[in-house]
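Accompanying notes for the structure given below.
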Amino acid sequence: MKKENKLMAKSWQLKAEKAYKTFLFWLCCCFVWQPKHNN
């Protein structure tokens, strides 16, 4: 049971990491592509 929980936790950690990186990438794109006159 504990071993399975550890695997689940690792799986969720990887998913969270991927989502976080995707979010950061999207954020960077927004800053880069945002029109300069939109301040």
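Position one of the sequence shown corresponds to residue 231 (our numbering), numbered consecutively onward.
Every residue, glycine too, gets a C-beta built ideally from N, C-alpha and C.
Asked, Found
"Does Q243 come out as helix, strand or coil in the three-state DSSP assignment?", "helix"
"Just the Cα atoms here: how many angstroms apart are F255 and K240?", "23 angstroms"
"What separation, rounded to the nearest whole angstrom, lies between the Cα atoms of L244 and P265?", "34 angstroms"
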